[in-house]
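One rule links them: number in the working numbering = place in the sequence shown (from 1) + 4. What follows is one structure encoded as structure tokens, with my remarks underneath.
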Amino acid sequence: MADSKTPAPKLKNDAEIDTTLVRSLADILNDTDLTEIEVERGELRIRVAREITMAAPVQYAAAPAAAAHAPAPAPS
């Protein structure tokens, strides 16, 4: 993780990234189960999105066949 004293990276338009805002948006995503949130301040637009991965369907194996019983011995 980056050192908190490291300056924020610069964007093309020389605006600083507001990491506190980005973290707050990520927290909102987690708290509300949203998949995407976007905020615009002037010309700066920040979009935070969560990638949705679909779980593979559960595959069940067929039940094992019942064991065959040996025939009872013939009476003598």
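Each residue gets a CB set at the ideal place from its N, CA and C atoms; glycine is no exception.
How long is the line joining the alpha carbons of residue i and residue j, rounded to whole angstroms?
{"i": "I41", "j": "N34", "result": "11 Å"}
{"i": "L48", "j": "A66", "result": "56 Å"}
{"i": "L25", "j": "G46", "result": "15 Å"}
{"i": "E44", "j": "P68", "result": "59 Å"}
{"i": "E20", "j": "P61", "result": "43 Å"}
{"i": "T23", "j": "T36", "result": "20 Å"}
{"i": "A70", "j": "A59", "result": "33 Å"}
{"i": "P77", "j": "Q63", "result": "42 Å"}
{"i": "P79", "j": "H73", "result": "18 Å"}
Within the same chain, show all residues whose beta-carbon is closer than 8 Å to that of residue i, passing over the 5 residues directly before and after it, in chain order.
{"i": "T39", "result": "L33, A53, R54 and I56"}
Check whether chain B comes within 7 Å of residue i, counting only Cβ atoms and requiring the distance to be less than that.
{"i": "D37", "result": "Going by chain labels, chain B is absent from the structure shown, which holds only one protein chain."}
In the DSSP assignment, what are the bridge partners of residue i?
{"i": "R45", "result": "L48"}
TODO: Specify whether the region 45 to 56 and the region 17 to 32 touch according to this definition: at least 3 beta carbon pairs, one from each stretch, less than 8 Å apart.
DONE: Result yes; three or more Cβ-Cβ pairs closer than 8 Å.
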